[in-house]
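This report concerns only the one structure given below.
Residue numbers (this note's numbering): 221 to 469.
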C-alpha cells in the first residue's frame with residue numbers, strides 16, 4: 221500500500237520550465253483526493269509556485285500536497301490559507317563563491333563559456349546552485365537538442381566532482397546541473413519527507429524521467445523507494461490514471 225506518491229517536476233509533470241497543463245492539474249487534483257502527493261525538483265520556490273501551486277483547481281486538496289524545491293532542501297506546505305516554508309537549508313557565501321569559480325573554470329575548459337544563452341546561466345537558489353546550459357529562459361526546442369545524449373553535462377559533472385569533492389553534483393532536467401551540499405540529493409529529500417510526513421520510504425512511490433545512474437532522480441531508487449520511470453508527461457498522465465483507479469478500489 222502506498223500513502224504518498226512523489227513526482228519529479230520537469231520532464232515528468234511538465235515540459236521543462238512550463239506550467240502544469242490544465243489536464244495535468246486536474247489529474248493531480250484527482251490524485252490528491254485519494255492520497256498525499258509530493259513534488260521534488262531542483263527548481264526554487266518561485267518556479268514551484270508558477271508551475272504547480274498556482275495551477276491547481278480551486279477545490280484541490282492542497283493540504284495533502286508536499287512541495288520540495290531545490291532537491292528537497294526546502295519544504296513548503298499549505299497552512300492557514302497560504303503556502304509556508306517549513307524548513308530551508310542554505311549555502312553560505314563562501315560555499316557559493318567556490319561553486320561559481322568551479323563552474324567558470326569547468327565551462328572554459330570544456331569550450332562552453334561563450335555559447336549563446338537566454339537569461340541567467342548559473343542561478344543561486346539558496347540551498348542549491350543550478351547551472352542551465354542555455355540559460356533559464358532558453359526555448360524548449362533549443363534545450364531538447366543541446367545535450368540530448370547528456371554527454372556535455374556528464375563531462376562537466378566529472379570535472380565539477382573533481383573540483384568540488386565535498387558537494388553533491390547531479391544532472392537535472394534537459395540542460396541543468398544541480399549542486400548541493402554533500403549527501404543532498406533526491407534520496408536525502410525523500411528521507412526528510414519521510415521524517416516530516418511520517419510515511420515510511422516503503423510507503424512511497426516515486427515517479428520521474430531521470431531514473432538512471434547519474435540522473436537526479438536515481439537516488440530515489442538507490443535508497444530503496446519503489447520507482448516508475450516515465451518517458452514524458454503523457455506517460456506520467458497514464459501512470460497516474462492507473463494509480464487513481466487502483467487506490468479507489
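Yeah, the Cβ is synthetic: ideal placement off N, Cα and C, and Gly gets one too.
For secondary structure counted as the alpha helix (DSSP H) over 4 or more consecutive residues, the stretch 334–373 holds these complete runs in sequence order: 360–366. If you draw a straight line from the Cα of residue 396 to the Cα of residue 368, it comes to about 12 Å.
Put simply, the backbone Cα of residue 385 is about 16 Å away from that of residue 348. Note that the stretch 405–418 touches the stretch 280–297; at least 3 beta-carbon pairs, one per stretch, sit closer than 8 Å. Judged by DSSP in its simplified three-state form, residue 229 adopts coil rather than helix or strand. Just so you know, the alpha carbons of residue 372 and residue 434 end up roughly 13 Å apart.
Per the coordinates, the alpha-carbon of residue 302 lies some 11 Å from the alpha-carbon of residue 269. Under DSSP, residue 392 forms a beta bridge with 396.
DSSP, reduced to helix, strand and coil, places residue 244 within a helical segment of the structure shown. About 5 Å separates the Cβ atoms of residue 236 and residue 393, confirming a contact at the 8 Å cut-off. Annotation for residue 428: the continuous beta strand (DSSP E) segment containing it runs 424–428. When rounded, the separation of the alpha-carbon atoms in residue 351 and residue 242 is 29 Å. In this structure, residue 322 lies away from residue 248, with their beta-carbon atoms at least 8 Å apart. Bounds of the beta strand (DSSP E) holding residue 447 are 446–449.
Rounded to the nearest angstrom, the Cβ distance from residue 224 to residue 256 is 5 Å, consistent with a contact under 8 Å.
Relative to residue 425, the option among 436, 440, 469 and 404 whose CA is nearest is 440. In the DSSP annotation of this structure, the continuous segment of the beta strand (DSSP E) that includes residue 286 starts and ends at 285–288. By the neighbour-count criterion, in which 16 or more other beta carbons inside 10 Å mark a residue as buried, residue 336 falls on the exposed side. Within its own chain, the residues whose Cβ lies closer than 7 Å to the Cβ of residue 364, once the five positions on either side in sequence are excluded, are 394, listed in chain order. Around the beta-carbon of residue 445, 16 or more other beta-carbon atoms lie within 10 Å, marking it buried. For residue 297, the enclosing beta strand (DSSP E) begins and ends at 294–299. With at least 16 other beta carbons inside 10 angstroms of its own, residue 244 counts as buried. By the C-beta density criterion, residue 407 is buried, having at least 16 other C-beta atoms within 10 angstroms. Inclusion of residue 320 and residue 342 in the CB contact set at 8 Å is warranted, their separation being smaller than that value.
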